[in-house]
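2 protein chains.
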Amino acid sequence: MINVIDFINTNRDRYVRELKDYLAIPSISALPEHQADMKRCAEWTGAEMTRVGLENVRLVKTPGNPVVYGDWLHAEGAPTILFYGHYDVQPVDPLDLWETPPFEATVRDGEIYARGAADDKGQVFMHFKAIEAHMKQNGRLPVNLKVIIEGEEEVGSNNLDDFIRANKAQLGADVVVISDSAMFERGIPSICYGLRGLTYFQIDLRGSNSDLHSGVFGGSVANPAMVLAQMLAQMRDKGGRIKIPGFYDDVRELTTEERAEWRKLPWSDTRYRKELGAPKLFGETGYTTNERRWGRPTFEVNGLLSGFTGEGAKTVLPATAMAKVSMRLVPDQHPDKIAALFEEYVRKVAPKTVELKVTRMHGGKPWMADFDNSFVRAAGRAIEQGFGKAPVFCREGGSIPVVSTFQEELGIPSVLFGVGLPDENAHAPNEKLDLANFHGGIVSAAILYQEIASR
Amino acid sequence: MINVIDFINTNRDRYVRELKDYLAIPSISALPEHQADMKRCAEWTGAEMTRVGLENVRLVKTPGNPVVYGDWLHAEGAPTILFYGHYDVQPVDPLDLWETPPFEATVRDGEIYARGAADDKGQVFMHFKAIEAHMKQNGRLPVNLKVIIEGEEEVGSNNLDDFIRANKAQLGADVVVISDSAMFERGIPSICYGLRGLTYFQIDLRGSNSDLHSGVFGGSVANPAMVLAQMLAQMRDKGGRIKIPGFYDDVRELTTEERAEWRKLPWSDTRYRKELGAPKLFGETGYTTNERRWGRPTFEVNGLLSGFTGEGAKTVLPATAMAKVSMRLVPDQHPDKIAALFEEYVRKVAPKTVELKVTRMHGGKPWMADFDNSFVRAAGRAIEQGFGKAPVFCREGGSIPVVSTFQEELGIPSVLFGVGLPDENAHAPNEKLDLANFHGGIVSAAILYQEIASR
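Sequence lines, in order, name chains A and B.
Just so we're aligned: 291 in numbering that gives the first Met the number 0 is position 292 of the first sequence, and the numbers increase by one with no gaps anywhere.
Just so we're aligned: 58 in numbering that gives the first Met the number 0 is position 59 of the second sequence, and the numbers increase by one with no gaps anywhere.
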């Protein structure tokens, strides 16, 4: 392994240069106008996989963006890793809050700033470079490796499940490795053993055929913006508890042990609040901040739009109002069941004065690992060597729905091996990745393959 | 008068051609990018006033858009009319709902479609053509006339009060005539004797420094879009009653007589609902539709904006949320007092988890005429001759704050002489003006000057 690690250490600058090229492609899966960029990014991903020594590289068509597949299967008798990542990124608005352009990666103070730096191109690229180091130095990998990089993670991985189901035999492996999450905090490498699920909706209300004069008509017809506010206000109580009937029925309560473990982590609510710039923290009564983020479900409004939103004043009574809302789910909530409960409730709280349209956008199941397994231990050893420090074990508030799919469809456990940081603005302006962690991640990934081989 | 009316009847086509030129200027006072158009429109207005025979025409500078002034003061011994109108128009968004471009006036089925057709350029232009007819045929007007056309009515007439106070002596008159309102309905000409007032605000909430990942942070920090919904929901109860403490203290209750008069007007809630395209009407419990529109105050949300509003799904926890809200006021509510009550209440219902900014945009007092006066009777006779039918007397739900200013600053009563129709989309896409009413309005205006002279 020493030659592999040496190789990685001497190539740091090149890795950053190459990553910049990857980050320059605006692969925003949520916006139809980036269709051509998605294809270009898939092609770049495939070409890079071939460059680092993977074989059988191909772009697999789906009804959406292609899945990029590649493998190296010559480690006879050794375990097989299925590495999963995604080449698509979040939208970049509001663009004016970016200090440097989101698709011109810029290094400042040891961090590389660009959309996709942390989520997930930077972390995918770590593995490409770990593979490259093994191949360049030893001509082989210590394990068998299958790689799938998809292009629809940020819009719900709608076509990945079909891809996995259609390729069950080909995707067989002993363990799934994913690097799409964050460390607990800077300097505290982590293994993530739980993720929240998601169900996402758009609510559209219509109160009249067209916008109306608020003087002539105001008071005599429903205002869909006000109706929307009233409906949303009925979704959660002041203590942060969600009011959708049945919402909590399948929530697995946090155990006393888990809560005790989390309370041992270094944490300051004050520092967290200041870092976010929040006037005061808010969350479900009876839970700590990390319990609220990792172990409790949420109801969030992701977007609101109605009427006149320009500068100045327009006395309009809007014809329509729109909200994007989503719920983060915890074990053992099921997104389909929660979606049905939500739809039923939203129809119940909508008055007859407005026309209601509810559109389900996407979703994913929550996930929690069984930790008594050798892969997790191997990952712990790899991280300890790569970062010089034993990892802590925690959950993540985000969602990687495919983790559940791998478990259910292929029966393969996942190891979440993420080196992002919580303040890296994964879905916000000025997304970044710490370059020391990027480097530590390449070393750890290279060691992880070896540790899994010899576990 | 017959020669004047004949002249008007033979010039119908020319009037429409000329009006189209006026409507072509996009004089949107709410949008700073139309600054140059405002100046151009003021100049066009002044040039037209000179063309029709007014004297001393000038553009009076204000801190905002200029007021256009002109007069004709040679009817010795006759009363003086102060005619007020506005050359500014509402914004046009959503633009894609316009069937023809808002600033390319188009005639279809006897209606002229353009922003400003009814509110207020078309109705201002009626008076210009009535003046022109008198001047062309008789070389004089039967009354003294002062004309002020302002450019900030749609943004609250913020500089008009100062203009009026600064020019009290020059603006002295016996009666103010305003044509900026609608008939009760097609075929039922009306005199309007009451207007609602207005107070308009923007609410801005900030929950964090930047948009956050709804998975990583969701549940542990306030969501300003949800907080906004919860705050707005506390502004009105389900019966349509506004919950701001003290809000109704100064509301003059409708009298039994007035309610009885209004119930005699031809009216169908079903037809009204269908015309608006509303699934079901909504309003304050215990009042009819016209009582709700004309005689009761409102709280409306005019605009909402937060987070991700594009196509697709973005799992963002928004940093900010914005609402534009306004209240229509009735006698004897005062906009300053209501604004103070609102600001106090909004601060009370805002949780400490968000930073709150409340911006007061503009406002105006409600107004109700004393009807036992000869000007109103003269207007009734003019409308009866111009439209062949005696007018009904009703109120309007909209606001023309300057009416109160004329009463309070100059002690001059107003006559509201409007020929718009309730379905002419004054503040919405596809604004229009019925050309038969436009023509009847020119005839009525010409007769009105004579009737006021000989009242």
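Backbone N, C-alpha and C fix where the C-beta goes; we use that ideal spot for every residue, glycine too.
For clarity, every value in this text was computed on a predicted model and none was experimentally measured.
{"query": "Can you give me the Cβ contacts of residue 304 of chain B inside the same chain, cut-off strictly under 6 Å, excluding the 5 residues immediately before and after it?", "result": "321"}
{"query": "Could you tell me which residues DSSP pairs with residue 393 of chain B in its beta bridges?", "result": "B:191"}
{"query": "What number of angstroms, rounded off, separates the C-alpha of residue 294 of chain B from the C-alpha of residue 385 of chain B?", "result": "28 Å"}
{"query": "So with CB distances below 7 Å, who are the chain A contacts of residue 421 of chain B?", "result": "215"}
{"query": "So who's on the other strand from residue 88 of chain B, going by DSSP bridges?", "result": "B:27"}
{"query": "For residue 156 of chain B, which residues in the same chain have their Cβ closer than 6 Å to its Cβ, ignoring the five residues on either side in sequence?", "result": "400, 401"}
{"query": "Over what stretch of residues does the alpha helix (DSSP H) that includes residue 160 of chain B continue unbroken?", "result": "159-165"}
{"query": "Any idea if residue 355 of chain B is buried or exposed, counting beta-carbon neighbours within 10 angstroms, 16 or more meaning buried?", "result": "buried"}
{"query": "State buried or exposed for residue 449 of chain B, treating a residue as buried only when at least 16 other CB atoms are found within 10 Å of its CB.", "result": "buried"}
{"query": "Under 9 Å Cβ-Cβ, which residues of chain B neighbour residue 310 of chain A?", "result": "29, 30, 31"}
{"query": "Could you confirm whether any beta carbon from chain B is found closer than 9 Å to the beta carbon of residue 144 of chain A?", "result": "no"}
{"query": "Do residue 332 of chain A and residue 236 of chain A have their CB atoms nearer than 9 Å?", "result": "no"}
{"query": "Would you please verify whether the beta carbon of residue 397 of chain A is less than 9 Å from any beta carbon of chain B?", "result": "yes"}
{"query": "Nearest chain A C-beta to residue 218 of chain B closer than 9 Å, yes or no?", "result": "yes"}
{"query": "With 16 as the cutoff for other CB atoms within 10 Å, does residue 169 of chain A come out buried or exposed?", "result": "exposed"}
{"query": "How should residue 180 of chain B be labelled, buried or exposed, when 16 other C-beta atoms within 10 angstroms of its C-beta is the threshold for buried?", "result": "buried"}
{"query": "Only counting runs of 3 or more residues, tell me where the beta strand (DSSP E) segments fall wholly within the segment 102-168 of chain B, in order along the chain.", "result": "105-107, 110-112, 143-149"}
{"query": "May I ask which residues mark the beginning and end of the alpha helix (DSSP H) holding residue 437 of chain B?", "result": "434-452"}
{"query": "With C-beta atoms as the reference, is residue 413 of chain B less than 9 Å away from residue 406 of chain B?", "result": "yes"}
{"query": "Give every residue of the same chain whose Cβ lies closer than 7 Å to the Cβ of residue 135 of chain A, excluding the five residues on either side of it in the sequence, and list them in chain order.", "result": "6"}
{"query": "Classify residue 439 of chain B: buried if its beta carbon has 16 or more other beta carbons within 10 angstroms, exposed otherwise.", "result": "buried"}
{"query": "Would you mind reading off the limits of the alpha helix (DSSP H) that contains residue 22 of chain B?", "result": "11-22"}
{"query": "Which same chain residues end up closer than 8 Å to residue 33 of chain A when comparing Cβ atoms and leaving out the 5 residues on each side of it in sequence?", "result": "25, 26, 27"}
{"query": "Looking at the unbroken alpha helix (DSSP H) that takes in residue 385 of chain A, where does it start and where does it end?", "result": "373-386"}
{"query": "Provide the residue(s) that pair with residue 413 of chain A in DSSP beta bridges, ordered along the chain.", "result": "A:175"}
{"query": "Got a sec: is the Cβ-Cβ distance from residue 424 of chain A to anything in chain B below 9 Å?", "result": "yes"}
{"query": "Looking at the unbroken alpha helix (DSSP H) that takes in residue 261 of chain B, where does it start and where does it end?", "result": "255-263"}
{"query": "Using a cut-off of 8 Å between C-beta atoms, extract the partners of residue 384 of chain A located in chain B.", "result": "Here the premise fails: no neighbours, minimum Cβ distance about 27 Å."}
{"query": "Going by DSSP, name the residue or residues bridged to residue 356 of chain B.", "result": "B:203"}
{"query": "Between which two residues does the alpha helix (DSSP H) carrying residue 54 of chain B extend?", "result": "First-last for residue 54 of chain B: 54-59, but that is the beta strand (DSSP E), not the alpha helix (DSSP H)."}
{"query": "Is the Cβ of residue 247 of chain A closer than 9 Å to any Cβ of chain B?", "result": "no"}
{"query": "Return the Cβ separation of residue 471 of chain A and residue 178 of chain A in integer angstroms, given the expectation that the two are a contact with Cβ distance under 8 Å.", "result": "Outside the shown range of chain A (0 to 454) lies residue 471 of chain A, about which nothing can therefore be said."}
{"query": "Could you name the residues of chain A that residue 222 of chain B contacts, counting a contact when the two beta carbons are closer than 7 Å?", "result": "299, 300"}
{"query": "Could you work out which residues of chain A lie near residue 278 of chain B, taking near to mean beta carbons separated by less than 7 Å?", "result": "351, 352, 353, 354"}
{"query": "Could you tell me the boundaries of the alpha helix (DSSP H) in which residue 344 of chain B lies?", "result": "334-348"}
{"query": "Which residues share a DSSP beta bridge with residue 68 of chain A?", "result": "A:57, A:147"}
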